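Enquirer:
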Amino acid sequence: MSTTMSSTGTPDAGQPQTDEPRRSTPPAHPRRGRFSREAVTKVMFVVPAAIYLVLFFGYPVVKNVTMSLQEYTTRTFFTGEAPWVGLANYATVVGSQLFGPAMLNTALFTIGSILGQFVIGLALASFFKRRFPLNGFLRSMLLLPWLLPLIVASATWRSILDQDSGILNRFLEGVGLIQEPVPWLTSPSVALIAVILVNIWVGIPFNVTLLYSGLQDIPEELYEAGAMDGATGWKAFWHITWPNLRPVVSVVLVLGVVYTIKVLDIILGLTNGGPANSTQTLSIRSYQESFVNFEFGVGAAYSNILILISLLFAIIYLRANRRAVDE
Amino acid sequence: MTTATATAAHTLGARSAPTPRRHRHAAATRGMYTALGVLFLGIMLFPIYWMINASLQPSGNTLTADFFPWNPDFGGYEKAIADQGANLVTSLIVSLGTVVLSLAIAAPAAYALAQFRFRWINGALLAILISQMIPGIVIANALYTAYNDLGLLNSIPGLILADATHAIPFAILILRAFMVGIPPSIVEAARVDGAGLVRAFVSIVVPISRNSIITAALFAFLFSWSDFLFALTLTTTDEVRPVTLGIYQYLGTQVANWSAVMATAVLSSIPAIVLLVLAQKYIAAGALGGSIK
Numbered sequence: 014m015s016t017t018m019s020s021t022g023t024p025d026a027g028q029p030q031t032d033e034p035r036r037s038t039p040p041a042h043p044r045r046g047r048f049s050r051e052a053v054t055k056v057m058f059v060v061p062a063a064i065y066l067v068l069f070f071g072y073p074v075v076k077n078v079t080m081s082l083q084e085y086t087t088r089t090f091f092t093g094e095a096p097w098v099g100l101a102n103y104a105t106v107v108g109s110q111l112f113g114p115a116m117l118n119t120a121l122f123t124i125g126s127i128l129g130q131f132v133i134g135l136a137l138a139s140f141f142k143r144r145f146p147l148n149g150f151l152r153s154m155l156l157l158p159w160l161l162p163l164i165v166a167s168a169t170w171r172s173i174l175d176q177d178s179g180i181l182n183r184f185l186e187g188v189g190l191i192q193e194p195v196p197w198l199t200s201p202s203v204a205l206i207a208v209i210l211v212n213i214w215v216g217i218p219f220n221v222t223l224l225y226s227g228l229q230d231i232p233e234e235l236y237e238a239g240a241m242d243g244a245t246g247w248k249a250f251w252h253i254t255w256p257n258l259r260p261v262v263s264v265v266l267v268l269g270v271v272y273t274i275k276v277l278d279i280i281l282g283l284t285n286g287g288p289a290n291s292t293q294t295l296s297i298r299s300y301q302e303s304f305v306n307f308e309f310g311v312g313a314a315y316s317n318i319l320i321l322i323s324l325l326f327a328i329i330y331l332r333a334n335r336r337a338v339d340e
Numbered sequence: 025m026t027t028a029t030a031t032a033a034h035t036l037g038a039r040s041a042p043t044p045r046r047h048r049h050a051a052a053t054r055g056m057y058t059a060l061g062v063l064f065l066g067i068m069l070f071p072i073y074w075m076i077n078a079s080l081q082p083s084g085n086t087l088t089a090d091f092f093p094w095n096p097d098f099g100g101y102e103k104a105i106a107d108q109g110a111n112l113v114t115s116l117i118v119s120l121g122t123v124v125l126s127l128a129i130a131a132p133a134a135y136a137l138a139q140f141r142f143r144w145i146n147g148a149l150l151a152i153l154i155s156q157m158i159p160g161i162v163i164a165n166a167l168y169t170a171y172n173d174l175g176l177l178n179s180i181p182g183l184i185l186a187d188a189t190h191a192i193p194f195a196i197l198i199l200r201a202f203m204v205g206i207p208p209s210i211v212e213a214a215r216v217d218g219a220g221l222v223r224a225f226v227s228i229v230v231p232i233s234r235n236s237i238i239t240a241a242l243f244a245f246l247f248s249w250s251d252f253l254f255a256l257t258l259t260t261t262d263e264v265r266p267v268t269l270g271i272y273q274y275l276g277t278q279v280a281n282w283s284a285v286m287a288t289a290v291l292s293s294i295p296a297i298v299l300l301v302l303a304q305k306y307i308a309a310g311a312l313g314g315s316i317k
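Chains as they are written, first to last, in the numbering used here: chain A, 14 to 340; chain B, 25 to 317.
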């Protein structure tokens, strides 16, 4: 971002001041009477954004709460009636056979994805800390998996993970790592692992970018001083890198949780929640209840559970971020 | 930071490696790192190579594809454009609309949050941060019922408004991060010349913030172009259908024509690839700026 400041001195920035004809308009007096108009103008700068945020974030959150307390189904769209049912939808959710597995899968998916993304991301970020030709170019090309539409990633990986003719099984058989093709997306016991692997791939660039910038912010003098005390290699990592990187690490991890917990595209594209419900998560449940079964009340109950979990991590994030800024 | 590192490394190198042989050694090490970096990147980008490769294989069961498309077949692209051409155009219109709407709403708000002294700024920033964390499915649940009443289902404006939820909080944060650094004196000088607040914003703040606005615009475009959730939930017919949903429907339970699926995937990747190559600087800035305010 530092480069952006330099444009301050470009000709187009200076142009408005030399815009002579504007002088013909009556000069503004920053006086009483005009003050209130100015205050109104200032508020007008934020009004559109405020209205938008209320309608497209505030309203949905409130609506999900009320919907989750109503019997909100296909009929509602015809009759306009959505009887209040108290906590019945939550009882349906918790009593559902899929609730336990969905909770467990959400946890496994989130933890597995983040662990993989973080470890690989940190390793790559440390690697790119070295100076070598093409470093910057390679690092920005690394962002590509993250910038692609997730559904494109799903489609591509579905072809790669295909049991019979996918390139991954062909490769693994070729080098002798497996005897028989792995049914990556069709066996209930491996599908979740496959989905996690794909999500790790998608998340690596984001982790590398943030961790790399965190590593760059650690003063080089610390390493020089450490080296004199004999701290090099792993020792330097544990005693210098890790403690100094901790604030960034917590931000990366918490943001990772918040983003991973709501992942929908990847799972829908790869497995649709199957096979045999083995990749059902809370967001998939919410989507399917609302938009496949048209049980909007139950779907909303699922998404409220999701919101609660996200909110919990949002609070952790804000605290971690504040610490990161303070330090 | 990098320059400090560079000089440190340089002085160190100069002191400890006076002989040309050592110099050559350091160059070889750096070359090896570049090779390793290329290898890592190659592994990471292999799926993207494979997508392109598979898209150029003859139609049908392309999964037994060769490692390289020796005889590229464009049948997949013909089918992709025939089936999905209209969807690609829909995606393009929706994405451009999202860019315009997001910037129009986010830029003034970002400026206000950066430069005006409102008492509730911290509260507003907190709300924006949290809004980014609200799961899309929550928004989709509520919007579907509201859109149903308002007749916004299966409409381009409906999708633009929904897709902007991906972009507006991000744009406000990234634009504000830049606008905080604009010296108020620049704007005040214009105000003394008689320019109103709005005019000063349009003729001074916007040009100065050009780079961050470009970053916000690029990401708004990519977010909207990649959107799948709202395409899936807020359209019910094929009259308005973004390409992401087109790919999903291609996938179905069984894939009949892989080369067409992969060709569509390649076509939908073009914006990301082009922007990453042509606008690297802006993308790198955005990748960092969105998360750490």
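All C-beta atoms, glycine included, are put in the ideal place defined by N, C-alpha and C.
None of the values given here were measured: they were computed from a predicted structure.
Would you report the Cα separation of residue 196 (chain B) and residue 51 (chain B), rounded to the nearest angstrom?
Expert: Approximately 44 Å, taken between the alpha carbons.
Enquirer: Tell me whether residue 197 (chain A) sits in a helix, a strand or coil according to DSSP, three-state version.
Expert: Reduced to three states, the DSSP call for residue 197 (chain A) is coil.
Enquirer: Are the stretch 84-93 of chain A and the stretch 174-194 of chain B touching, with three or more C-beta to C-beta distances below 8 Å?
Expert: Flag = no, the stretch 84-93 of chain A and the stretch 174-194 of chain B do not touch.
Enquirer: Find the residues of chain A that neighbour residue 140 (chain B), judging by a C-beta separation of less than 8 Å, and give them in chain order.
Expert: What residue 140 (chain B) touches in chain A: 55 and 58.
Enquirer: Nearest-angstrom Cα distance between residue 321 (chain A) and residue 78 (chain B)?
Expert: Those two C-alpha atoms are separated by around 42 Å.
Enquirer: Please list the terminal residues of the continuous alpha helix (DSSP H) segment that includes residue 229 (chain A).
Expert: Counting along the chain, the alpha helix (DSSP H) containing residue 229 (chain A) begins and ends at 204-229.
Enquirer: On the CB-based measure, 16 or more other CB atoms within 10 Å of its CB, does residue 73 (chain B) come out buried or exposed?
Expert: Result: exposed.
Enquirer: If we count the other Cβ atoms within 10 Å of its Cβ and call it buried at 16 or more, is residue 298 (chain B) buried or exposed?
Expert: Exposed, by the Cβ-count rule.
Enquirer: Under 7 Å, do residue 248 (chain B) and residue 119 (chain B) count as touching if we go by C-beta distance?
Expert: Yes, they are a contact pair.
Enquirer: Output the boundary residues of the alpha helix (DSSP H) element that contains residue 90 (chain B).
Expert: Counting along the chain, residue 90 (chain B) falls outside any alpha helix (DSSP H), and DSSP gives it neither H nor E.
Enquirer: Tell me the DSSP bridge mates of residue 341 (chain A)?
Expert: Chain A is shown only over 14 to 340; residue 341 (chain A) falls outside these bounds and no answer can be derived.
Enquirer: Within 7 Å of any Cβ in chain B, is that where the Cβ of residue 65 (chain A) sits?
Expert: Yes - at least one Cβ of chain B is within 7 Å of the one on residue 65 (chain A).
Enquirer: Considering Cα atoms alone, identify which of A:264, A:185, A:149 and A:127 is closest to residue 211 (chain A).
Expert: The shortest Cα separation from residue 211 (chain A) among A:264, A:185, A:149 and A:127 belongs to A:127.
Enquirer: Between the beta-carbon of residue 290 (chain A) and the beta-carbon of residue 121 (chain A), is there less than 7 Å?
Expert: Not closer than 7 Å, so no.
Enquirer: With distance defined between alpha-carbon atoms, name the residue in A:74, A:165 and A:153 nearest to residue 76 (chain B).
Expert: Considering only alpha carbons, the answer is A:165.
Enquirer: Have a look at residue 228 (chain A) and residue 257 (chain A) and give me their C-alpha separation to the nearest angstrom.
Expert: Distance between the alpha carbons of residue 228 (chain A) and residue 257 (chain A): 8 Å.
Enquirer: From the DSSP output, in three-state form, read off residue 102 (chain B) for me.
Expert: Three-state result, residue 102 (chain B): helix.
Enquirer: For residue 262 (chain B) and residue 109 (chain B), I'd like the C-alpha separation in whole angstroms.
Expert: Approximately 13 Å, taken between the alpha carbons.
Enquirer: Using a Cβ-Cβ cut-off of 6 Å (strictly less than) and excluding sequence neighbours within five positions of residue 270 (chain B), which residues of its own chain qualify?
Expert: Closer than 6 Å at the Cβ level, and outside the excluded window around residue 270 (chain B), lie 108 and 111.
Enquirer: With distances taken Cα to Cα, identify the nearest neighbour of residue 132 (chain A) among A:221, A:276, A:303 and A:280.
Expert: Nearest option by C-alpha distance: A:221.
Enquirer: How long is the line joining the alpha carbons of residue 132 (chain B) and residue 162 (chain B), rounded to whole angstroms?
Expert: Taking the straight line joining both Cα atoms gives about 27 Å.
Enquirer: What is the DSSP secondary structure of residue 237 (chain A), reduced to helix, strand or coil?
Expert: In this structure, residue 237 (chain A) counts as helix in the three-state DSSP scheme.
Enquirer: By how many angstroms is the C-alpha of residue 100 (chain B) removed from the C-alpha of residue 287 (chain B)?
Expert: Cα-Cα distance, rounded: 6 Å.
Enquirer: Leaving out the 5 sequence neighbours to the left and right, which residues in its chain are closer than 6 Å to residue 36 (chain A) when beta-carbon positions are compared?
Expert: Because the pLDDT of residue 36 (chain A) is 42, which lies under 50, any placement of that residue in the model is unreliable, and the number read from its coordinates should be weighed accordingly. Closer than 6 Å at Cβ, skipping near neighbours: no residue.
Enquirer: At least one CB of chain A closer than 7 Å to the CB of residue 61 (chain B): is that the case?
Expert: Taking Cβ atoms only, chain A reaches closer than 7 Å to residue 61 (chain B), which makes this a yes.
Enquirer: Taking only beta-carbon positions, decide if residue 154 (chain A) is within less than 7 Å of chain B.
Expert: It does; some Cβ of chain B falls within 7 Å.
Enquirer: For residue 333 (chain A) and residue 264 (chain A), I'd like the C-alpha separation in whole angstroms.
Expert: C-alpha separation (whole angstroms): 6 Å.
Enquirer: Distance check for residue 157 (chain A) and residue 228 (chain B), CA to CA, integer angstroms please.
Expert: Their Cα atoms are separated by approximately 34 Å.
Enquirer: When you compare the CB of residue 50 (chain A) with every CB in chain B, is at least one pair closer than 7 Å?
Expert: No, residue 50 (chain A) lies away from the interface with chain B (no Cβ there is under 7 Å from its Cβ).
Enquirer: Are the C-beta atoms of residue 222 (chain A) and some chain B residue less than 7 Å apart?
Expert: True, the Cβ-Cβ gap to chain B drops below 7 Å.
Enquirer: Examine chain A for any beta-carbon lying closer than 7 Å to the beta-carbon of residue 155 (chain B), and answer yes or no.
Expert: With 7 Å as the cut-off, residue 155 (chain B) counts as an interface residue toward chain A.
Enquirer: How many Å lie between residue 264 (chain B) and residue 235 (chain A) at the Cα?
Expert: The straight-line gap from Cα to Cα measures roughly 57 Å.
Enquirer: Between the C-alpha atoms of residue 128 (chain B) and residue 122 (chain B), what's the straight-line distance to the nearest angstrom?
Expert: Rounded to whole angstroms, residue 128 (chain B) to residue 122 (chain B) spans 10 Å at the Cα level.
Enquirer: Of the residues A:163, A:161, A:160 and A:199, which one's Cα is nearest the Cα of residue 179 (chain A)?
Expert: It is A:199.
Enquirer: Measuring CA to CA, which of B:160, B:172, B:193 and B:175 is closest to residue 297 (chain A)?
Expert: Residue 297 (chain A) has its Cα closest to that of B:160, out of B:160, B:172, B:193 and B:175.
Enquirer: Among the residues of its own chain, which have a CB less than 8 Å from the CB of residue 273 (chain A), if the five just before and after it don't count?
Expert: If we look at residue 273 (chain A) and ignore the five residues flanking it on each side, its Cβ neighbours are 122, 123, 126, 127, 212 and 216.
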